[in-house]
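Residue numbers (my numbering), protein chains in the order written: chain F, -11 to 330; chain Y, -11 to 330; chain U, -11 to 330; chain A, -11 to 330.
The following block contains the structure:
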């Protein structure tokens, strides 16, 4: 029997409906670089879904390139980007932000989140320091939603962070690589709320039903100038841009994005409940598609015979931390089979 | 009736056989970032096809990111890349090379090609200049094959360029965004000859039957260190790397890449012959899938009613330069229809 | 006897009056980084001399760092700097502009100058190109005054260039590493004219009487934001900034800068006249402190016994091109001795 | 009466002996860019003083540019530099390292120092992490000596750090902006010990008797290639390089550098002892020329009437942290006057 896979949420291709549309449109000839009707329509659907008719929307291939491009587009030469020390841009993007010349300024991570109070303190003590002209200015704030630990900011937290950003004139950027899973979780915030709070964010496709693709949304429309040139300079302008357009058009039609995100959350909650009911405790309380447990090493070895998943950090003496990830295609049967191994 | 499109070679999706394999493998779960069996197999097939068993091969999404990443990986801090002033990296990549901190050093373009004699002169006068330590060293040489003007270097020309590169210790990088069309042209060079001459090159997929994808080959295997980190830093590491693996595996199986490239060349030659037989002269003599003619503006307007193609430079008073491009899916019927409009 | 030196204009220390002030102020304790009264006064004197009371003025150590810092401060991510292909930033600054991520876009050099007509053509054809979003935008224009070949733009030429810059929204940057020698030449333009035309320029000290130092002037005051941080980031913020302040204060007092510049021009003109009267022809007609002659190799060898100067390019078979440079300390006796060797 | 100044150690010009030599050599004409006999001699004296005859030595103007240039020269594209979170490169250099494309990787600061144990842990857990290819490699280690808090590593600590660096193939870089004051402190390490341990370090001149200048020493001579071009690219190649040569030649002659450093330490120790004898406690126990006390705000206000010094961080309610800095020219009378105010 084939093993079960709970390693991560980018192991499969795309949702069958997305694939169907790629097949249907495959032999059409359209203009390149996103100047095609599918991309235009996808962007229009995104603006509608976000409730921001003036938004600038553009589509990119992957998360790291999106982060590096957006950050490079927003920051001035004297500015860096503030994020949790566990932020993806600080840890797992091979220094892409710095390679564009910008510093990542870190705050403590609280299960992946920054605290509004610590953000406020960072800004206020920066500007209180007489030597701040010799330092990198905090020019924007990066948060991930969900975070790298599956956690979510509440709506009040987001609003508080935004208020601080506004006070210090630092745009708020939300990395939504797994945005669908955040939107589908309980209690969540809506896409429109995200769009009303953030200065720029992206709707992740790669991990949520697309072969690849991230849709960047700038609600007020003016934050980044000369987007095409910037994206091209970052090596991120897809020649056959309509591949992104077709995928996001499909995901944004008839609520597909939300529907398939819900599937990941439902199965993740079943998984979480199952582990807890067997007496295992999550070491992070995640409401999204990533679930974190500390398990006996014996059990881990036993599970590994039938299932793959990630160790989270170095193995411990008796127990180790592990992560289980569901995605849009995880079935309740998959979860039941996993739980039956406990 | 639908218009004919001869604008460029990245207007369609992918070859049906490539699509078939993407569909077949769509719901499989594999490791990410190219650590999957499809990628491994694709790289192995590429090594075989190139006759370089020790080669390092890695797969990237698009041309600009490939150029910027390879050049950044090869050059030292004191070095720039030499190319024709019409080279894609110098003109149409939005300064991606410079954004990574490296200067592009230009030579005159001869229908897209550099002359070995001018390259030799560049190197020798550089090192003869007493002030060269204040200048950017010519640290590698970039050529495109075919060039941006559809032209090809002959085998002796390639060897002569390589000899100069070796003399001055500057790796030779061949941009093969349209490599298939160069290999299929007459008189051509073979993939193995390319691999035996170049220090690094790539096999273009985006314009030759793939949805997207470029396969970088480093025949001697050691030119660039820490490739995964470098590629990630450039925002170019595809999460679902197997999408590239599946595509190149398919293109490299049963000679598909060569076969579909041949189709583009056959139709391009038919197109060229047809125009010439009607009395129009190419202003560049291209043996590949891009064909360049200077046509009366009246005729251009007439053609534009049924057909799209690119003006090549600003329109002239009575005549203008235009480009027609075929690809792996262009049919002889398409060409006949175009020619019937003359 | 000590040899005569006409190699270049940065072989000596500083003008004795500058040294006197450095000695007088040596043991004073002032705040660092330019926050001292000497720097404030120097900047004020410069604003007055330039007739631009609202100007932002800041002092830097050397030319390359000034060019790289100013260009980095002015350009957006999508922009490059236009200059003559012989421009110092394009040839002899080791790629410092590119190391900051910006492309240098070149125009033909006419004895070091760009032609307004070719500049206009560059801009207009750039924006006429349908693919310009894939290209580096011409975001500012760099000229040197005097040029690297000792030549000068006339006032009408400067105004014409500025008009084009204004039309295309590209700030005009004048590299004044040898500005004093340009101002002292005939027919010249005045410092106030320079300041009324340029968007940013610098008054060179290193080659004109200072130990080191370049004074950047932004007449309208707003072109570059966060200057201190930018300069610091470029490693160019001198800890003991008052050293620059003291030097420029001295040079800007009682017309010292103009007076010592005049000395270099007078001696250069005497030198030029002397060579011409002996039948040697300048291959560039320079009105400034650099003089260019093509001389018989025999004569060159003879001169080299008593004098040092630079070969300008590779030696020729019978004759070679050479450059003689005077500076603020060159005496008429030095020139007479040189001419007596002819 | 003139106020006393204990703000920092770069408030004055240079030691009179250094000035004397600058005056003496002022009107000499020498080759530029460090190709002069003074620079050659200074480098030779430095090699001798360090006991490393094969060392590569080069002279730069200031600390930030030295740090950024050295780090850029050492690191590969996939690497960052490890330092204490309080390291000057991480805090007060306006992101110069990142502007060159490299990430600063931080360790906890222990009064400015990193712990060998935490460094070992950083390296070992980096390479133990399965995802390290997605992360910035720790490619070199930066320490300051003395640190930004006046503290010193002991010889065993330096050796232990070096051992870890060797194990993980990461060159050790010592920022010696205040090196003289570290060498003169008790218990200290010698210049030869520094040179035998570090892969690259610099001897600070700006804060220790020179007008400006830092001498970079690469004991094994090969760590950084193409130094002149690298330095030029960083805008850091001084045209009149002999100014650096003359200064370091003077400082390295007859033990001047050590002698004047000793003066700063003697006065700092007198100052420290005086404060302690009056019942004030240092909050950092520094053996060098920076002394740190927490003082009642009343006393601070009283001192400020006659004396300038820096608040160290934000003022407290009743007491605040302050820093007093001595330098090569501080007299015992200065210290007595300060202490008399307590």
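Yeah, the Cβ is synthetic: ideal placement off N, Cα and C, and Gly gets one too. These numbers were taken from a predicted model, which means no experiment stands behind them.
Return the CA-CA distance between residue i and residue j, expressed in angstroms with no decimal places.
i, j, result
"residue -6 (chain U)", "residue 314 (chain U)", "6 angstroms"
"residue 298 (chain Y)", "residue 39 (chain F)", "38 angstroms"
"residue 184 (chain A)", "residue 325 (chain A)", "41 angstroms"
"residue 23 (chain A)", "residue 78 (chain Y)", "35 angstroms"
"residue 90 (chain F)", "residue 50 (chain F)", "20 angstroms"
"residue 118 (chain A)", "residue 127 (chain A)", "18 angstroms"
"residue 122 (chain F)", "residue 76 (chain A)", "10 angstroms"
"residue 12 (chain A)", "residue 322 (chain U)", "21 angstroms"
"residue 267 (chain A)", "residue 229 (chain U)", "37 angstroms"
"residue 272 (chain A)", "residue 106 (chain A)", "21 angstroms"
"residue 165 (chain Y)", "residue 145 (chain F)", "48 angstroms"
"residue 84 (chain Y)", "residue 86 (chain U)", "10 angstroms"
"residue 55 (chain A)", "residue 222 (chain U)", "11 angstroms"
"residue 289 (chain F)", "residue 329 (chain F)", "11 angstroms"
Can you name, in chain order, every residue of its own chain whose Cβ lies under 7 angstroms from the Cβ of residue i, other than the five neighbours on each side?
i, result
"residue 274 (chain Y)", "137, 138, 139, 280"
"residue 198 (chain U)", "2, 6, 235, 239"
"residue -9 (chain Y)", "294, 295, 296"
"residue 37 (chain F)", "179, 240"
"residue 182 (chain U)", "162, 189"
"residue 211 (chain A)", "62, 159, 187, 188"
"residue 35 (chain F)", "41, 43, 45"
"residue 253 (chain A)", "169, 172, 173, 276, 277"
"residue 143 (chain Y)", "177, 181"
Bridge partners of residue i, per DSSP?
i, result
"residue 319 (chain A)", "According to DSSP, residue 319 (chain A) bridges with nothing at all."
"residue -8 (chain Y)", "Y:295"
"residue 126 (chain A)", "A:68"
"residue 139 (chain A)", "None; residue 139 (chain A) has no bridge partner."
"residue 111 (chain Y)", "Residue 111 (chain Y) pairs with nothing; no bridge assigned."
"residue 88 (chain F)", "Bridge partners of residue 88 (chain F): none, in fact."
"residue 282 (chain A)", "A:309"
"residue 131 (chain F)", "F:162"
"residue 95 (chain U)", "U:72"
"residue 101 (chain F)", "F:98"
Quick one: does residue i have its CB under 8 angstroms from some CB of chain B?
i, result
"residue 123 (chain A)", "Chain labels in this structure do not include chain B; the protein chains are F, Y, U and A."
Might you give, ordered along the chain, the residues of its own chain that have their beta carbon closer than 6 angstroms to the beta carbon of residue i, omitting 5 neighbours on each side?
i, result
"residue 262 (chain Y)", "327"
"residue 257 (chain A)", "none"
"residue 73 (chain U)", "94, 97"
"residue 30 (chain U)", "233, 236, 237"
"residue 124 (chain A)", "68, 91"
"residue 26 (chain A)", "230, 233, 234, 237"
Quick one: what's got a C-beta closer than 8 angstroms to residue i's C-beta in the same chain, skipping five residues either side?
i, result
"residue 284 (chain A)", "306, 307"
Any contact of the segment 275 to 285 of chain A with the segment 303 to 317 of chain A, i.e. 3+ C-beta pairs under 8 angstroms?
yes
Entirely within the segment 170 to 228 of chain U and at least 3 residues each: give me those beta strand (DSSP E) ranges in chain order.
188 to 192, 202 to 206
Is it a yes or a no for the segment 58 to 69 of chain A touching the segment 201 to 221 of chain A, going by three-plus beta-carbon pairs under 8 angstroms?
yes
Does the segment 248 to 259 of chain Y come within contact of the segment 315 to 323 of chain Y, defined as at least 3 CB pairs closer than 8 angstroms?
yes
Any chance you could list the alpha helix (DSSP H) runs of at least 4 consecutive residues sitting entirely within the segment 13 to 71 of chain F, in chain order?
25 to 38, 51 to 62
Cβ contact check for the segment 12 to 20 of chain F and the segment -5 to 10 of chain Y: 3 or more pairs under 8 angstroms:
yes
Please give me, in chain order, every unbroken run of the alpha helix (DSSP H) with length at least 4 that falls completely inside the segment 230 to 280 of chain Y.
230 to 239, 244 to 265
Quick test of the definition: if touching needs 3 or more C-beta pairs under 8 angstroms, does the segment 96 to 110 of chain A touch the segment 145 to 152 of chain F?
no
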